[in-house]
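Asks:
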Ligand SMILES: Cc1ncc(COP(=O)(O)O)c(C=O)c1O
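In this note's numbering, the protein residues as written are 3 to 380.
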C-alpha cells in the first residue's frame, strides 16, 4: 500500500547523488574506500571520547559489540524488553540468554529500579550478568545517570543500542557514546540513512581496532589470507558510506526538523485529553526520530487500532509501538523483571508520520483524522 504520509521516509536533498556517482566512478564499492574513511572521520569529530567503526547494519553492530564484551554460551545479558527484536536477537546468536526488563513511564526505556532488582536477583542466584543492553527508543535518551550508576556499582558493562537515536544527546554527549560501547543503525527508515548500515562506537582504542579486524573476516596483515580467529563480513561498503556521508552533513537539519515536528504534534494535540507523549528529561535532547503518542481510550473513546485503520484509509502510515520482547512467542521461555508498563505502552501507543520533509499543513491533516475519530464518539 502506498501512503501519502510515511512514518519515516529518507530525505536525499544533499550530496547523495554526487557522492554515489564519485564512488561508482572510482570503482571502489567494497569495504574500503574514500567515503568510509570520510564518514568515520566526520563522525569522530562529533564524538568527544569515543571512536566509530562503520558497519553494514545495526544488528551486526550489536552482535559484534556483544562479542567484544566477551558474551558467550551460557552467559546472561540484561536487555530492555520494549524494543525491536534486533536489540536482543544477537544475544541468542551467541548462545547466551537475554533476561528482559520492563520500562519506566517517562522515557519508555529500561527502568533503572527494575534493572537493579534483576541484577540483585541474578547475583543471589550466583549468576553475574555479562552485560546490560539498553535502548534509546524512538530517539529518546534513557535515564543514563541512574543506569550508569547501577552498572558501575555492580561492575557490569553497558551496551547502548542507539540504533534509533543517531544525534540524540544526554548531558551534552551523543547517545551511543555514554558507556563502554554503543551502536547506531543507518537503515532505510532511520534519521540518517545510508540505505543500509550501522556502526559501533567505543571509548577503547583496543575495542575499535578489534572491531575493525573482526568485521573484515579477521584477516591478518599478511600478503596472503591468514586467519587466527573467526571473523565476520560486517564492514560498511563504500557506496553506502557515500550516502551516509551526505546524510551526516545534513544531520543537524534533520534533527531540528524532527524536533519541530514533535513540538507541532504536541501543540496540535494540546486540546485533546487522553493523548500523551514520551517525556524528554531536562538533561536529554531527543532526535525525535519518531513521534509516538499514547491514546487512553477510556478518555478519548477510541483506541489506537481504530485510529490506525482511519489513518490507513486516508493514506497515512502509522504503526503500533514495539510489542515487548517478553510477550513475543519466540521469547516465551525468557525471564522477565517488571509489570505491565511496556505492555500498556504497546496497547495504547501509535507512531505518527515523522519524516523530515513533513510540513505543518501535512501535520494538520494528520491530526484532523484524530479529531474526526473523536467526533464519531459523540
Ligand atoms: C532499537 C533497534 N535496534 C537495532 C536495530 C537494527 O538495526 P538494523 O536494521 O540496521 O540492523 C533497529 C532498527 O532497525 C532498532 O530500531
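The beta carbon of each residue, even a glycine, is placed where N, CA and C say it ideally should be.
(1) Please confirm if the region 63-82 is in contact with the region 98-111, defined as three or more CB-CB distances below 8 Å between the two stretches.
(2) Please determine whether the Cβ atom of residue 43 lies at a distance below 6 Å from any heavy atom of ligand 1.
(3) Is residue 137 near ligand 1, going by C-beta to nearest heavy atom under 6 Å?
(4) Does the CB of residue 377 have a neighbour CB from chain D at under 7 Å?
(5) Count the CB pairs spanning the region 337-357 and the region 290-299 that are closer than 8 Å, and state whether there are at least three.
(6) Would the beta-carbon of residue 150 fall within 7 Å of that of residue 112?
(7) Does DSSP put residue 77 in a helix, in a strand, or in coil?
(8) Going by other Cβ atoms of all chains shown within 10 Å of its Cβ, with 16 needed for buried, is residue 314 buried or exposed?
(9) Does the contact criterion of 3 or more C-beta pairs under 8 Å hold for the region 335-349 versus the region 236-247?
(10) To test your reading of the DSSP string, which unbroken alpha helix (DSSP H) runs of 4 or more residues are found completely within the region 220-303?
(11) Measuring alpha carbon to alpha carbon, tell me which of 48, 265, 120, 15 ends up nearest residue 102.
(12) Which same chain residues end up closer than 6 Å to residue 270 when comparing Cβ atoms and leaving out the 5 residues on each side of it in sequence?
(13) What do you reckon, is the C-beta of residue 111 under 6 Å from a heavy atom of ligand 1?
(14) Starting from residue 133 and walking both ways along the beta strand (DSSP E), at which residues does that stretch end?
(15) Label residue 247 either buried or exposed according to how many other C-beta atoms from any shown protein chain fall within 10 Å of its C-beta, with 16 as the threshold for buried.
(16) Quick one: is the Cβ of residue 289 within less than 6 Å of any heavy atom of ligand 1?
(17) For the beta strand (DSSP E) that contains residue 168, what are its first and last residues?
(18) Flag residue 167 as yes when its Cβ comes closer than 6 Å to any non-hydrogen atom of ligand 1, and as no otherwise.
(19) Would you identify the three-state DSSP class for residue 26, choosing helix, strand or coil?
(20) On the three-state DSSP scale, how would you describe residue 366?
(21) For the alpha helix (DSSP H) that contains residue 211, what are its first and last residues?
(22) For residue 230, count the other beta carbons within 10 Å of its own beta carbon; 16 or more makes it buried, fewer makes it exposed. Which is it?
(23) Does DSSP put residue 376 in a helix, in a strand, or in coil?
Replies: Taking the geometry as given:
(1) yes
(2) By 1-based counting over the chain shown, the position of residue 43 is 41. Residue 43: no, Cβ never under 6 Å from ligand 1.
(3) Taking the first residue of the chain shown as position 1, residue 137 is located at position 135. Answer for residue 137: yes, Cβ within range of ligand 1.
(4) Here there is only one protein chain, and chain D is not present.
(5) yes
(6) Here the question's residue 150 lines up with position 148 in the chain shown. Here the question's residue 112 lines up with position 110 in the chain shown. Not in contact: residue 150 and residue 112 (Cβ atoms no closer than 7 Å).
(7) As a first step, residue 77 is located in the chain shown; it is residue number 75 there, counting from the start. Coil at residue 77, not helix or strand.
(8) One-based indexing of the chain shown puts residue 314 at position 312. With fewer than 16 Cβ atoms within 10 Å of its Cβ, residue 314 is classed as exposed.
(9) no
(10) 240-250, 253-270, 299-302
(11) On the chain shown, position 100 is the one that residue 102 refers to. Considering only alpha carbons, the answer is 120.
(12) On the chain shown, residue 270 is found 268 positions in, with the first residue counted as 1. Only 369 meet the Cβ criterion.
(13) As a position in the chain shown, residue 111 is number 109, starting the count at 1. Flag unset: Cβ of residue 111 not near ligand 1.
(14) Here residue 133 corresponds to residue number 131 of the chain shown, with the count starting at 1. Here the beta strand (DSSP E) through residue 133 covers 133-137.
(15) Translated into positions along the chain shown, residue 247 becomes position 245. Burial call: buried.
(16) Locating residue 289 in the chain shown gives position 287, counting from the first residue. Not under cutoff, so the answer is no.
(17) Here residue 168 corresponds to residue number 166 of the chain shown, with the count starting at 1. No beta strand (DSSP E) holds residue 168; DSSP gives it neither H nor E.
(18) In the chain shown, the residue the question calls residue 167 occupies position 165. Answer for residue 167: no, Cβ out of range of ligand 1.
(19) Residue mapping note: residue 26 aligns to position 24 of the chain shown, counting from 1. Correct three-state label for residue 26: helix.
(20) As a working mapping, residue 366 is identified with position 364 in the chain shown. Helix, per DSSP.
(21) Position 209 of the chain shown, counted from the first residue, corresponds to residue 211. Looking at the DSSP string, the run of the alpha helix (DSSP H) that includes residue 211 is 207-217.
(22) Residue numbering aside, residue 230 sits at position 228 when the chain shown is read from its first letter. The residue in question, residue 230, is exposed, as its Cβ has fewer than 16 Cβ neighbours within 10 Å.
(23) Taking the chain shown and counting its residues from 1, the one referred to as residue 376 is at position 374. Of the three classes helix, strand and coil, the one that applies to residue 376 here is helix, per DSSP.
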